[in-house]
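Here's the structure we're looking at; comments come further down.
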Amino acid sequence: MNEKIVARVGRSDLGDSESEVARTYIARTLAAMRGLNLERATVYPRVSEHVPEVIELIETLIEGGYAYEANGSVYFDVTAFPEYGKLSNQRVEEIETQGDPEERGEKRHPADFALWKSGGVSPEAIAEHRHEGVESENSVENPAEAGTEGAPAGQVFESPWGEGRPGWHIECSAMSMTHLGETIDIHVGGRDLVFPHHENEIAQSEAASGTEFVRYWLHADLFETAEEKMSSSLGNFITVGEAIGEYGTNVLRTFLTAGAYNSTQTYSEEAISESEERFARLSRAYDRAIGAVDGPDARTKAGDPALREATEGARTDFTAALNDDFDTREGQAALLALAGAINRHLDGNDKYDYRGLRRAIETLETFGEDVLGLAFGTSAAVEGNVSIAEPLIETILDARERAREAGEYDRADALREELREVGVEIEDTTEGTEYRY
RNA sequence: GCCAAGGUGGCAGAGUCCGGUCUAACGCAGCGGCCUGCAGAGCCGCCCAUCGCCGGUUCAAAUCCGGCCCUUGGCUCCA
0 MNEKIVARVG RSDLGDSESE VARTYIARTL AAMRGLNLER ATVYPRVSEH VPEVIELIET
60 LIEGGYAYEA NGSVYFDVTA FPEYGKLSNQ RVEEIETQGD PEERGEKRHP ADFALWKSGG
120 VSPEAIAEHR HEGVESENSV ENPAEAGTEG APAGQVFESP WGEGRPGWHI ECSAMSMTHL
180 GETIDIHVGG RDLVFPHHEN EIAQSEAASG TEFVRYWLHA DLFETAEEKM SSSLGNFITV
240 GEAIGEYGTN VLRTFLTAGA YNSTQTYSEE AISESEERFA RLSRAYDRAI GAVDGPDART
300 KAGDPALREA TEGARTDFTA ALNDDFDTRE GQAALLALAG AINRHLDGND KYDYRGLRRA
360 IETLETFGED VLGLAFGTSA AVEGNVSIAE PLIETILDAR ERAREAGEYD RADALREELR
420 EVGVEIEDTT EGTEYRY
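Numbering follows numbering that gives the first Met the number 0, in which position 293 of the first sequence is assigned residue number 292; successive positions increment by one, without gaps.
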């Protein structure tokens, strides 16, 4: 429920009403989240469905002396909440101004912020957002963008203060308290939201409830490219959907968990290809272990202390890493170390430690797949096209093998190169030629 | 100007809270060896770091203190 949404109503790709536009963006976001292999939340609340709770919360704040009404709008009185600024370490006196310039006159203190805004969205605000580069990258040819005539002012709601709309921050407090109670354990968000949004959430929630709102704040840092920061205004950004399309979920997740969530990460082709290698190394080791455990050389009575120690070490290290403020990169390092141990075991023994390998595989699955959300193994990557592709590849490999036996290496290498060009990597081993794609 | 987070090898990125085990992790790139017809993968080994600058504390500092420089986010809109 904001100006930007209202400003986009009528665009053919988004929808004909405020609610529809919001729905479109929600759908896009959820699609991106699915693409990232994220678990679904239990509930995805919408402000428009929580207006009664918002009004109730505002009334509580007014009754408690934390908010006041002015010309049909309601503002939070920051001077009534002495702890205001505690999250971002700001002092009320230092905070210059907030909110619409024309609203400033209604405020008792410049840092007061709106809980309820009188009336609908003004045409000027809509026009402003339409011109301020809102989706400018793809709206050029859209005739609906041309004028603001007939543009809706957005939905308004009845309230004790007249028709109006919820303020910018109150919805989060109201919905959080409705669904999760007065105090929540963890609140996440981007670093750019610390002030004013999270600060205001604390003020609203704690002033109303009289108790702690959030026990732990986890603020995710932003990305920057090697040359400059990544931002929509510079146009040098990539969406989650595009990144998934280009690199795949596994590589992207490896990249995203290859650094601390709360430190700035550099996004570059080089960083991505490093993640490709990191993931590939894990996935190959997983494949080898699966192949070995299913093969004839795996023995229940064989035991490799080095492999077993490495596996238990990886489990301990991974758990310790994640317990340390979600240190996913250190977790990856633990798994990478296990991959090395698997390779050493497979390279150095004729008979494989069946139970040791099973435990190693289980470790990769538990921590790599279940926790980090990666999907190892070639089978997971190919799915559908197996039926036709595999017999074809094998036919070509047979031809290449005959060429090799005949000493016609040029021909063999040409076949290998052609397969590579269509995405099939092959590998000669003592067991025969293997391939992956 | 104010608030906050950072500045570590060719790249990327831990470590800084609780000084010594940091002659600085894992990885990528690079180099050598093993293996291979060759390659790839894998294994073994190696090169590259005065830890932003200056000063201080200490037997000892990437880690603590002070000053400075630079980058990023916020302080106007929006969440």
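Beta carbons: idealized from backbone N, C-alpha and C, even for Gly.
Next on the checklist: My output table needs one value for residue 412: the three-state DSSP class, helix, strand or coil.
Outcome noted: Position 413 of the first sequence, counted from the start, is the residue given in the question as residue 412. The answer is helix: DSSP assigns residue 412 an H, G or I state.
Checklist entry - Based on the DSSP secondary-structure assignment, which residues constitute the bridge partners of residue 116? => result Residue 116 sits at position 117 when you count from the first residue of the first sequence. Residue 116 is bridged to 164.
Checklist entry - How is residue 246 classed by DSSP in three states: helix, strand or coil? => result One-based indexing of the first sequence puts residue 246 at position 247. Residue state, collapsed to three classes: helix.
Checklist entry - Assuming residue 51 and residue 174 make a contact with CB atoms under 8 Å, what is their CB distance in whole Å? => result By 1-based counting over the first sequence, the position of residue 51 is 52. By 1-based counting over the first sequence, the position of residue 174 is 175. The C-beta separation of residue 51 from residue 174 comes to about 12 Å, leaving the pair out of contact by the 8 Å criterion.
Item to check | Minimum C-alpha distance to residue 35 - residue among 368, 309 and 263 | outcome: Position 36 of the first sequence, counted from the first residue, corresponds to residue 35. Nearest option by C-alpha distance: 368.
Item to check | CA-to-CA distance, residue 163 to residue 157, given in whole angstroms | outcome: To locate residue 157, count along the first sequence from 1; it is residue 158. To locate residue 163, count along the first sequence from 1; it is residue 164. Each residue's alpha carbon lies about 7 Å from the other.
Next on the checklist: Suppose you measure from the CA of residue 358 to the CA of residue 214; what does that come to, to the nearest Å?
Outcome noted: In the first sequence, counting from the first residue as 1, residue 358 sits at position 359. In the first sequence, counting from the first residue as 1, residue 214 sits at position 215. If you take the alpha carbons of residue 358 and residue 214, they lie about 37 Å apart.
Item to check | Buried or exposed by the 16-neighbour rule on C-beta atoms within 10 Å, applied to residue 378 | outcome: For the purposes of this step, residue 378 is taken as the residue at position 379 of the first sequence. Here residue 378 scores only 44 on pLDDT, less than 50, and its place in the model should not be relied on; the value that follows carries that caveat. Exposed is the call here.
Checklist entry - Nearest-angstrom Cα distance between residue 437 and residue 373? => result Given that the chain is displayed from residue 0 to residue 436, the structure contains no residue 437 and the question cannot be resolved.
Item to check | Expected contact under 8 Å - CB spacing of residue 165 and residue 91 to nearest Å | outcome: Against the first sequence, residue 165 aligns to sequence position 166. Against the first sequence, residue 91 aligns to sequence position 92. 23 Å between Cβ atoms; not a contact.
Checklist entry - What are the partner residues of residue 440, as DSSP defines its beta bridges? => result Here the chain covers residues 0 to 436 and nothing more, so residue 440 does not appear.
Item to check | Burial state of residue 170 (16 or more Cβ within 10 Å) | outcome: Stepping through the first sequence from its first residue, residue 170 is reached at position 171. Residue 170 counts as buried, since no fewer than 16 other beta carbons sit within 10 angstroms of its beta carbon.
Item to check | Coarse secondary structure for residue 456, derived from DSSP in three states | outcome: No answer is possible for residue 456: the residues shown for the chain start at 0 and end at 436.
Checklist entry - Under the three-state reduction of DSSP, which class applies to residue 238: helix, strand or coil? => result The residue given as residue 238 occupies position 239 in the first sequence. Of the three classes helix, strand and coil, the one that applies to residue 238 here is coil, per DSSP.
Checklist entry - How would you write the range of the alpha helix (DSSP H) that residue 178 sits in, first residue to last? => result Along the first sequence, read from residue 1 onward, the residue named residue 178 stands at position 179. Run containing residue 178: 169 to 179, per the alpha helix (DSSP H) assignment.
Checklist entry - Are residue 190 and residue 168 close, meaning C-beta to C-beta below 8 Å? => result Position 191 of the first sequence holds residue 190. Position 169 of the first sequence holds residue 168. No, the Cβ-Cβ distance between residue 190 and residue 168 is not below 8 Å.
Checklist entry - The beta strand (DSSP E) spanning residue 188 covers which residue range? => result Sequence index remark: in the first sequence, residue 188 carries index 189 (1-based). DSSP places residue 188 inside the beta strand (DSSP E), whose first and last residues are 183 to 189.
Item to check | For residue 5, the three-state DSSP class (helix, strand or coil) | outcome: Position 6 of the first sequence, counted from the first residue, corresponds to residue 5. In the structure shown, residue 5 sits in a helix (DSSP, three-state: H, G or I).
Checklist entry - Taking the alpha-carbon positions, what's the residue 137 to residue 241 distance? => result Residue 137 sits at position 138 when you count from the first residue of the first sequence. Residue 241 sits at position 242 when you count from the first residue of the first sequence. With a pLDDT of 34 at residue 137, under the threshold of 50, the modelled position of this residue cannot be trusted; read the value that follows with caution. Rounded to whole angstroms, residue 137 to residue 241 spans 15 Å at the Cα level.
Next on the checklist: Using a Cβ-based criterion (distance less than 7 Å to any ligand heavy atom), does residue 376 qualify as near the ligand MN?
Outcome noted: With respect to small molecules bound, the structure shown includes none, and the ligand MN cannot be examined in it.
Next on the checklist: DSSP three-state label for residue 203, please.
Outcome noted: Taking the first sequence and counting its residues from 1, the one referred to as residue 203 is at position 204. Helix at residue 203.
Checklist entry - Among 260, 10 and 399, which residue has its Cα nearest to the Cα of residue 324? => result Counting from 1 along the first sequence, the entry for residue 324 is found at position 325. Considering only alpha carbons, the answer is 260.
Checklist entry - Is residue 341 closer than 8 Å to residue 284 when the C-beta atoms are compared? => result Reading the first sequence from its first residue, position 285 is the one you call residue 284. Reading the first sequence from its first residue, position 342 is the one you call residue 341. Cβ distance < 8 Å, so residue 284 and residue 341 count as in contact.
Checklist entry - Do you know whose CA, among 371, 408 and 345, lies nearest residue 298's CA? => result Here residue 298 is taken as the residue at index 299 of the first sequence, counted from 1. Closest by alpha carbon: 345.
Checklist entry - In chain order, what residues of the same chain have a beta carbon less than 7 Å from the beta carbon of residue 87, not counting five sequence neighbours either side? => result Here the question's residue 87 lines up with position 88 in the first sequence. For residue 87, where only same-chain residues beyond five positions count, the Cβ hits under 7 Å are 193, 194 and 198.
Checklist entry - For residue 131, which of helix, strand or coil comes out of DSSP? => result Against the first sequence, residue 131 aligns to sequence position 132. Confidence is the limiting factor: at residue 131 the pLDDT is only 44, short of 50, which leaves the residue's position unreliable and the question unanswerable from this model.
Checklist entry - Taking the DSSP output, what are the residues bridged to residue 264? => result For the purposes of this step, residue 264 is taken as the residue at position 265 of the first sequence. 222.
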